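Visitor: Top line first, the protein sequences correspond to chains A and B. Position one of the first sequence corresponds to residue 691 (the working numbering), numbered consecutively onward. Position one of the second sequence corresponds to residue -5 (the working numbering), numbered consecutively onward. Glycine included, C-beta positions come from ideal geometry on N, C-alpha and C. None of the values given here were measured: they were computed from a predicted structure.
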Amino acid sequence: MNYKQYFPVFQNRKDMVYLDSAASSLKPKKVSDAITDYYNFYSGNIERGVYPISFEATAIVEKVREKIALFINASKEEVIFTRGCTDSLNTVALSLKENLKKGDEIITTELEHHSSFLPWLKASEEKGAVIKFIPLTEEGKITVDNFKKVLSDKTKIVAISHVSNVMGYLTPVKEIIALSHIKGAIVSVDGAQAAPHMKIDVKDLDADFYSFSFHKMCGPTGLGVLYGKKELLNSMEPVELGGEMNDEVSKDNVTYKNIPYKFEAGTMPIAEIFGAGAAIDFLNEVGFGYIEKRDKELSGYAKKLLRSIPEIVIYNDYEESPIIAFNIKGIHSHDAVSFYSENNVCLRAGLHCAEPLHKWLNITASLRASFYFYNDESDVEKFIFVTKKAIAFFKEVGYLE
Amino acid sequence: MSDMNSIYRQVIMDHYKNPRNKGLKEEEGYVLCHLKNPSCGDMINVESKIQNGLVSDIRQDGQGCSICCASASIISETLKGKSVKDALNIIDNYLKMVSNEEYDKSIDLDELAVFEGIKDFPARVRCASIAAQALRKTLEKEEKNA
Ligand SMILES: Cc1ncc(COP(=O)(O)O)c(C=O)c1O
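Have a look at this one:
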């Protein structure tokens, strides 16, 4: 199946090999059409209007919320629209930190994206709580056994990614959540890299909070979801205050709306929510069975070819994952990525917002190739061809011996 | 691949492989600036010493890509011995050159001219600029103190 035809960006960039979907996926026409539909046919505000363009747009927004609820197996009022995964993760930390006391423990990992880790680092500093890191295995993985080593009666929060954005490993979150709940701890899962690639079932995971961004899953930028368990959301204070999130406001008092609206202050990104509905439809049509199969085939093929190049070092060659973390030995990733870019291969270089992990790996920066279902075998072959060409080039200019 | 050749020139490779003025003095009279590019992990330290209005010494240290490290080395060599005023002027024009902005072509940038090709690589402007920015900070700091 050639999925590239659904992505307008390729019309003007036929030869582009896009291997940076972990940073942001490409967007299909269906999604940009849905966004412009809002501007062309509705264009009014939602929730507050009493005329057609407003109540019709409100109905569509609520329909999208239902779609997302179904997509992750939540109920509708548990789906909060946010500015993105970063916003979702910050909201959880900012609201829950008020319950933290001196000496409480927060468990996280060195694999985390900065947006999963930093809100808790700040909260811990403010409240005198202690951050504990799950020791990673030699391969850089999180295991249930190592989680048990840091879990204690003092654990109040576990902030953990479902899939690492550098290594691509799948965290055993279901087991970790079950163990955390025995201790009464709350688990906030960063699903930014998981939601685009696999069926998420928040009930099955029993996650307390689950966050993700639409721009990594064929959807619009500037929109994310915070899933939270009803009873938790009901007991929490909102972080942002403003219009449309309150019930009654007097000069000295305010009561809030019910969830999810309590957490949605101000005018929402309505056009993006329209786009998100189209993205969910699109992913459902493609199907996670197909997505997982292609993730494995493409990254497996690329890894096999990379392994045969002696100048290449792969950092996560222990498990199937749509992400390959690697370097050309002796070449700084930023030098390498310019060569790829000049040859129309889009990779990511640097720290990928995961500096603690690079310290753990004891490297200053890495290259990352990430695959999605619209990539194909010819992308892999061009990537390998350019890799070999890069090595030859850097030898020729005297960079590599 | 003429474009890539325009930035990976022999001079740049030579400075990357054999950096000049490498290692910090951390002595009295030296002013230090530490700059970092948080997205790619480049990290540069530049130290300078001013005597009688002249930049009498520049030391540099850090880690990063070849462009970042070579620019630190070339800057340290090119600007050593210049007056503070001339050094600041060269830095200013060098930064404009790599950012593809108008700059005063009558000023002799010496070996720093090898970075002209960077203007065609927007993603690398920061790599070529970070050491110059650090040195500018140390010189400005010293000027203020003087
Ligand atoms: C694992 C992980 N968490 C969180 C984020 C933050 O997502 P966003 O920048 O869309 O808020 C990212 C995005 O790079 C990510 O990869």
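1. As a quick exercise: from A:Cys1043, A:Asp985, A:Asp971 and A:Asn1052, pick the residue whose alpha carbon is nearest that of Arg755 of chain A.
2. Would you verify that the beta carbon of Ala117 of chain B is, or is not, closer than 8 angstroms to some beta carbon of chain A?
3. Can you look up Gln127 of chain B in the DSSP assignment and give me helix, strand or coil?
4. Considering only residues of the region 39 to 70 of chain B, which uninterrupted alpha helix (DSSP H) runs meet the minimum length of 4 residues and lie entirely inside it, listed in chain order?
5. By DSSP, does Lys138 of chain B sit in helix, in strand, or in coil?
6. For Asn943 of chain A and Val707 of chain A, what's the separation of their Cα atoms in angstroms?
7. Which chain A residues are close to Asp(-3) of chain B, counting only those with a beta carbon under 7 angstroms from its beta carbon?
8. Give me the Cα-Cα distance between Gly990 of chain A and Ala117 of chain B, rounded to the nearest whole angstrom.
9. Give a yes or no on contact between the region 1008 to 1026 of chain A and the region 852 to 870 of chain A, applying the rule of three or more CB pairs nearer than 8 angstroms.
10. Judging by CA-CA distance, which residue of B:Gln45, B:Lys16, B:Ser70 and B:Val5 is the nearest neighbour of Glu22 of chain B?
11. Could you tell me the alpha carbon to alpha carbon distance between Glu96 of chain B and Lys90 of chain B, rounded to whole angstroms?
12. Quick check: is the beta carbon of Gly979 of chain A nearer than 8 angstroms to any beta carbon in chain B?
13. Flag His887 of chain A as yes when its Cβ comes closer than 7 angstroms to any non-hydrogen atom of ligand 1, and as no otherwise.
14. Please confirm whether Val840 of chain A and Lys822 of chain A have their CB atoms less than 8 angstroms apart.
15. Going by DSSP in three states, His28 of chain B sits in which element: helix, strand or coil?
16. Could you confirm whether any beta carbon from chain A is found closer than 8 angstroms to the beta carbon of Met91 of chain B?
17. Quick one: which residues of the region 45 to 67 of chain B get their C-beta closer than 9 angstroms to a C-beta of chain A? List them in chain order.
18. Across the region 874 to 890 of chain A and the region 739 to 749 of chain A, are there enough close Cβ pairs to call them in contact, namely three or more that are closer than 8 angstroms?
19. Looking at Val929 of chain A: is its Cβ nearer than 8 angstroms to the Cβ of Ser785 of chain A?
20. Between which residues of its own chain and Arg130 of chain B is the CB-CB distance below 6 angstroms, once the five residues before and five after are set aside?
21. Check this for me: beta carbons of Glu1045 of chain A and Tyr917 of chain A, under 8 angstroms apart or not?
22. Taking 8 angstroms as the CB-CB cut-off, is Gly1040 of chain A touching chain B?
23. Specify whether the region 993 to 1005 of chain A and the region 934 to 941 of chain A touch according to this definition: at least 3 beta carbon pairs, one from each stretch, less than 8 angstroms apart.
24. Do Met857 of chain A and Leu808 of chain A come within 8 angstroms of each other at the CB atom, strictly closer than that value?
25. Over the uninterrupted beta strand (DSSP E) stretch that includes Asn780 of chain A, give me the two end residues.
26. For chain B, is any of its Cβ atoms less than 8 angstroms away from the one on Asp705 of chain A?
27. Could you tell me which residues DSSP puts in a beta bridge with Thr845 of chain A?
28. Taking beta-carbon pairs under 9 angstroms, can you tell me which members of the region 26 to 41 of chain B lie near chain A?
29. For Lys1078 of chain A, I'd like the list of residues in its chain whose CB is within less than 8 angstroms of its CB, leaving aside the five on either flank, ordered along the chain.
30. If you measure beta-carbon to beta-carbon, which residues of the region 1019 to 1030 of chain A are closer than 7 angstroms to chain B?
31. Taking the straight line between their C-alpha atoms, what separation do you get for Ser(-4) of chain B and Tyr2 of chain B?
Guide: Taking the definition as stated:
1. Comparing Cα positions, the closest option is A:Asp971.
2. At least one chain A Cβ lies under 8 angstroms of Ala117 of chain B.
3. Helix, per DSSP.
4. Segments of the alpha helix (DSSP H) lying fully in the region 39 to 70 of chain B: there are none.
5. Collapsing the DSSP output to three states places Lys138 of chain B in a helix.
6. Rounded to whole angstroms, Asn943 of chain A and Val707 of chain A show a C-alpha spacing of 56 angstroms.
7. Correct list: Glu1032.
8. In this structure, the alpha-carbon of Gly990 of chain A lies about 30 angstroms from that of Ala117 of chain B.
9. Touching, yes, given that three or more Cβ pairs across the two stretches are closer than 8 angstroms.
10. If we check each option's Cα against that of Glu22 of chain B, B:Gln45 comes out closest.
11. The straight-line gap separating the alpha-carbon atoms of Glu96 of chain B and Lys90 of chain B is approximately 6 angstroms.
12. With 8 angstroms as the cut-off, Gly979 of chain A does not count as an interface residue toward chain B.
13. No - ligand 1 has no heavy atom lying nearer than 7 angstroms to the Cβ of His887 of chain A.
14. A contact, by the Cβ cut-off of 8 angstroms.
15. If DSSP states are grouped into helix, strand and coil, His28 of chain B belongs with the strands.
16. Under the Cβ distance rule, Met91 of chain B does not count among the residues neighbouring chain A, no pair being separated by less than 8 angstroms.
17. Listed by position along the chain: Gln57, Gly58, Cys59, Ser60, Ile61, Cys62 and Cys63.
18. No: the two stretches stay apart, fewer than three of their Cβ pairs being nearer than 8 angstroms.
19. Contact flag set, yes.
20. Result list for Arg130 of chain B: Ile85, in chain order.
21. No, Cβ-Cβ distance for Glu1045 of chain A and Tyr917 of chain A is not below 8 angstroms.
22. It does; some Cβ of chain B falls within 8 angstroms.
23. As far as the Cβ criterion goes, the region 993 to 1005 of chain A does not touch the region 934 to 941 of chain A, which means the pair count is below three.
24. A distance of 8 angstroms or more separates the beta carbons of Leu808 of chain A and Met857 of chain A.
25. Per DSSP, Asn780 of chain A lies in no beta strand (DSSP E) segment; the continuous alpha helix (DSSP H) that holds it begins and ends at Cys775 to Leu786.
26. With 8 angstroms as the cut-off, Asp705 of chain A does not count as an interface residue toward chain B.
27. Thr845 of chain A is bridged by DSSP to A:Glu795.
28. For the region 26 to 41 of chain B, which is checked against every Cβ of chain A, the residues closer than 9 angstroms are Asn31, Pro32, Ser33, Cys34, Gly35, Asp36 and Met37.
29. Ile999.
30. Flagged, chain order: His1022, His1024, Asp1025, Ser1028 and Phe1029.
31. Any reading at Ser(-4) of chain B must be qualified, since the residue scores a pLDDT of 48, below 50, and its modelled position is unreliable; the value itself is stated next. If you take the alpha carbons of Ser(-4) of chain B and Tyr2 of chain B, they lie about 10 angstroms apart.
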